[in-house]
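Visitor: Pasting a structure here, questions to come.
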Amino acid sequence: MAKLNTGIAMIYPIWGFLMLILALARLAPAAFKAGRRATFSPIAKFLRSLIWGGGAVAGAAQPLDKLVRDIGSVRRVERLSRFLMWMHPFAALTVAVHLCGWIFQFDSPMEHDYKLPFAGGDGIIQLFATGRFVVLLLFTCSVGTAYYPAWWTPLRFGFFHVLLTITCVVALALQQITCRWWYNNVWVVMVRTGMGIVHGDNRATIANNSVFSLAALVAFQLRWGMTASDFQLIVLPSVLICIASALVEQARDSELRATLEAKASKELETSVEAVLATICDAVVLLSSSFQLLRPSPHLAGLLLRSSSSAVLMTGGNFIDLLVESDRNAFLQSMSVPSTHAKMLHSHMRDANSSAVKVHLYHTKYLDLEGQPVHIIGIREDSEENRLQPPLQALPSSLSMQVVHEVWDRASGESPAASSFSGSSDPMPLVEGEQAMSLCVWVDASSTDLMMVKCTPEFTAWSGPSGLNEGLLSWVAPWDQSNFYEFFQRSLQYYIRKQSGHEVEGVEEPGSMLLQLKPPHLGRSFKAEVEIVEICDGSTEDSFSEPRILGCVSFKRTQSTQKCPSRNRRPGRASRHLDFNGVDGSYLAGLFAAAAESTMARPSTSVGGASSVGSATRVNL
Numbered sequence: 001m002a003k004l005n006t007g008i009a010m011i012y013p014i015w016g017f018l019m020l021i022l023a024l025a026r027l028a029p030a031a032f033k034a035g036r037r038a039t040f041s042p043i044a045k046f047l048r049s050l051i052w053g054g055g056a057v058a059g060a061a062q063p064l065d066k067l068v069r070d071i072g073s074v075r076r077v078e079r080l081s082r083f084l085m086w087m088h089p090f091a092a093l094t095v096a097v098h099l100c101g102w103i104f105q106f107d108s109p110m111e112h113d114y115k116l117p118f119a120g121g122d123g124i125i126q127l128f129a130t131g132r133f134v135v136l137l138l139f140t141c142s143v144g145t146a147y148y149p150a151w152w153t154p155l156r157f158g159f160f161h162v163l164l165t166i167t168c169v170v171a172l173a174l175q176q177i178t179c180r181w182w183y184n185n186v187w188v189v190m191v192r193t194g195m196g197i198v199h200g201d202n203r204a205t206i207a208n209n210s211v212f213s214l215a216a217l218v219a220f221q222l223r224w225g226m227t228a229s230d231f232q233l234i235v236l237p238s239v240l241i242c243i244a245s246a247l248v249e250q251a252r253d254s255e256l257r258a259t260l261e262a263k264a265s266k267e268l269e270t271s272v273e274a275v276l277a278t279i280c281d282a283v284v285l286l287s288s289s290f291q292l293l294r295p296s297p298h299l300a301g302l303l304l305r306s307s308s309s310a311v312l313m314t315g316g317n318f319i320d321l322l323v324e325s326d327r328n329a330f331l332q333s334m335s336v337p338s339t340h341a342k343m344l345h346s347h348m349r350d351a352n353s354s355a356v357k358v359h360l361y362h363t364k365y366l367d368l369e370g371q372p373v374h375i376i377g378i379r380e381d382s383e384e385n386r387l388q389p390p391l392q393a394l395p396s397s398l399s400m401q402v403v404h405e406v407w408d409r410a411s412g413e414s415p416a417a418s419s420f421s422g423s424s425d426p427m428p429l430v431e432g433e434q435a436m437s438l439c440v441w442v443d444a445s446s447t448d449l450m451m452v453k454c455t456p457e458f459t460a461w462s463g464p465s466g467l468n469e470g471l472l473s474w475v476a477p478w479d480q481s482n483f484y485e486f487f488q489r490s491l492q493y494y495i496r497k498q499s500g501h502e503v504e505g506v507e508e509p510g511s512m513l514l515q516l517k518p519p520h521l522g523r524s525f526k527a528e529v530e531i532v533e534i535c536d537g538s539t540e541d542s543f544s545e546p547r548i549l550g551c552v553s554f555k556r557t558q559s560t561q562k563c564p565s566r567n568r569r570p571g572r573a574s575r576h577l578d579f580n581g582v583d584g585s586y587l588a589g590l591f592a593a594a595a596e597s598t599m600a601r602p603s604t605s606v607g608g609a610s611s612v613g614s615a616t617r618v619n620l
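Per the UniProt record's numbering, the sequence shown starts with residue 1, numbered consecutively.
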């Protein structure tokens, strides 16, 4: 018994030695900082370079490194809390089985049933000498986590790690038989390995395993003596646990760093796209082989193509959209390594095989796989930089526009009053299921049915239209009142239907055939229109969007005037033309067109604008 008491008393100097280590660890950082710059800093850098494979060690912590440490600490607490919650049912079941064994005495008798004077019974030493106290400690922490999940902090988890290590040391120190010591050591190694990997704090893992190895060596030496093989079997698991914990934690930090870098790269990509979108008509993302990474409805509207075209969908080849003579120059410019953004002049083919002069703003970055991703902003060349067609080649529709300007000048109207181009901002494009239809949404509360958004198919059909243009101005004068009444009748029908009122006996609006004359197209055509839905267009962050929107769908369009060859891009406002040097035949054509449009021209001007004779008196 005296020998047994001597062996048990060994726990107290080990505990005191551990407290001394903790006390010295409190003073160690101050001493380390004092001699860091003089002596310790080169040694620490050398050791870290050896540990991390000879990589360069930065002298100062970068902002990303600090962010990785902070987020890693938060994730460590979350990971340990989840671990305790997962272990809660298993620990509860194990403790319940142990309690039932003690109460009903069906547990197997222990080979080391101690009877010490200070023990107060047989069960205390039995509890500490087995893994039951470790399970009880784990169960206690899991219960605390279940009741107070936010109670855990990194410091408290470190204390729990130390307490678990001390429990394992005590369990081995109370063993009296060598085979029982090695048997319990296997379970202790498993517990220490799991705790070191789950905790993930390299400093705490190294400190706890160092103290455990020292205590185990002292206990084994005092009781049975030490051999070289025993020393290896005790120290080697601790070294492997520290290495495994460091490797797992390094992998977690690398994953977190890659996630943060990917997030920063995504935010940078979004910012670059937003900046390019403010000055460009379309922005596309291209892979290293210049294939589209996502569809671009704005590019489809710019080139008057269908948004469902294969070349404009994901995987389409961007090179096919360029003019053949510009493809080699584009590829050569993209292959030149550069860290700065650059601009390239090029030409693209639209739906009519016409060459559209554009500016390409290019920059690139590397994706997660290290492959370059090209961000290209496409801006159509301005109207002023284009070669204007000769006046004698102008279509008759443009002659009508010139006649209208002559009427306005004769009556004293300002150019702004006779503008029919609408807002210079393009209408927003609608994506989703309705993107393939020919639809435009109008403000139901406006008198001219102001257009607020449309589908890419509508833009490809009618050309880029200005925001807040009135759809009613596109309708021929003799159909305007009928179309407005048709729209209001459809509006009342859908409102009654959506509000739950009975619509039995009320005739459904159906469709209407009318003639359209968009000012920017210069031609007229017939179309069958239908009001397909009435929706709420107000948003929480925008007070300017209309409250009620009506969706106008166009079907079975038929041109009533042959469209001449396109010499200029549709959707642009015509500028004031110079009439110097115009031959007599062209002026005769102008006045003939003016005579034909006298009856259809709205009488909005003041004096002299109601007859052809007043037009002939204008000084050209």
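Beta carbons are placed, not taken as given, at the ideal position from N, Cα and C, and that holds for glycine.
1) According to the neighbour-count rule (16 or more other Cβ atoms, all chains shown, within 10 Å of its Cβ), is residue 423 buried or exposed?
2) Tell me the DSSP bridge mates of residue 441?
3) By DSSP, does residue 243 sit in helix, in strand, or in coil?
4) Look at the Cβ atom of residue 295, then the Cβ atom of residue 456, and state whether they are nearer than 7 Å.
5) Roughly how many angstroms separate the alpha carbons of residue 418 and residue 518, rounded to a whole number?
6) Residue 324 by DSSP, collapsed to three states: which one?
7) In or out: residue 68 buried (at least 16 other Cβ within 10 Å) or exposed?
8) To the nearest angstrom, how far is it from the Cα of residue 224 to the Cα of residue 262?
9) Just the C-alpha distance for residue 183 and residue 191, rounded to the nearest angstrom, thanks.
10) Which residue comes first and which comes last in the beta strand (DSSP E) that contains residue 479?
11) Check each candidate in 66, 351, 63, 135 and name the one with the smallest Cα separation from residue 89.
12) Give the secondary structure of residue 360 by DSSP, where H, G and I count as helix, E and B as strand, and everything else as coil.
13) Below 8 Å on the Cβ atoms is my guess for residue 444 versus residue 514; work out the distance and round it to an integer in Å.
14) In whole angstroms, what is the alpha-carbon distance linking residue 476 and residue 536?
15) Tell me, which residues are paired with residue 177 by DSSP?
16) Rounded to the nearest angstrom, what separates residue 194 and residue 104 at their Cα positions?
17) Output needed for residue 533: all residues of its chain with C-beta closer than 8 Å, excluding positions within five of it in sequence on either side, in chain order.
18) Below 6 Å CB to CB, which residues in the same chain sit around residue 157 once its five sequence neighbours on both sides are set aside?
19) Starting from the C-beta of residue 379, find all residues in its chain whose C-beta is less than 6 Å away, skip the five residues before and the five after it, and write them out in chain order.
20) Taking the straight line between their C-alpha atoms, what separation do you get for residue 448 and residue 473?
21) How many angstroms separate the CA atom of residue 205 from the CA atom of residue 140?
22) Since residue 373 and residue 287 are thought to touch, with beta carbons under 8 Å apart, how far apart are those beta carbons, to the nearest angstrom?
23) Whole angstroms are fine: how far does the CA of residue 242 sit from the CA of residue 338?
24) Rounded to the nearest angstrom, what separates residue 647 and residue 301 at their Cα positions?
25) Quick check: the stretch 337-352 against the stretch 309-328, are there 3 or more CB pairs under 8 Å?
26) Under three-state DSSP, which class holds residue 676?
27) For residue 462, is the classification buried or exposed, using 16 other Cβ atoms within 10 angstroms of its Cβ as the cut-off for buried?
28) Kindly identify the DSSP beta-bridge partner or partners of residue 64.
29) Which residue from 209, 248, 164 puts its Cα closest to that of residue 198?
30) By a C-beta neighbour count over all protein chains shown, 10 Å radius and 16 as the cutoff for buried, is residue 161 buried or exposed?
31) By the 10 Å Cβ neighbour count, where 16 or more other Cβ atoms means buried, how is residue 481 classified, buried or exposed?
32) Compare the C-alpha of residue 209 against each of 99, 220, 169 and name the closest.
33) Who are the Cβ neighbours of residue 434 in its own chain at under 7 Å, not counting the five residues just before and after it?
34) Which of the three DSSP states, helix, strand or coil, is assigned to residue 533?
35) Taking C-beta to C-beta, are residue 528 and residue 511 nearer than 7 Å?
36) Buried or exposed for residue 638, please, with buried defined as at least 16 other CB atoms from any protein chain shown within 10 angstroms of its CB.
Guide: Taking the structure as given:
1) Annotation note: pLDDT 45 at residue 423 (below 50); position unreliable, no value reported.
2) 453, 551
3) helix
4) no
5) Because the pLDDT of residue 418 is 35, which lies under 50, any placement of that residue in the model is unreliable, and the number read from its coordinates should be weighed accordingly. Going by the C-alpha atoms only, they are around 15 Å apart.
6) helix
7) buried
8) 57 Å
9) 13 Å
10) Premise fails: residue 479 lies in the alpha helix (DSSP H), 477-498, not in any beta strand (DSSP E).
11) 135
12) strand
13) Contact doesn't hold; Cβ gap of about 18 Å is too wide.
14) 28 Å
15) None; residue 177 has no bridge partner.
16) 33 Å
17) 494, 550, 551
18) 80
19) 280, 281, 359
20) 7 Å
21) 22 Å
22) 7 Å
23) 45 Å
24) The structure shown does not extend to residue 647, since the chain is modelled only from 1 to 620, so the question has no answer here.
25) yes
26) With the chain covering 1 to 620 only, the question about residue 676 has no answer from this structure.
27) buried
28) Bridge partners of residue 64: none, in fact.
29) 248
30) buried
31) exposed
32) 169
33) 455
34) strand
35) yes
36) Since the first residue of the chain shown is 1 and the last is 620, residue 638 is not available in this structure.
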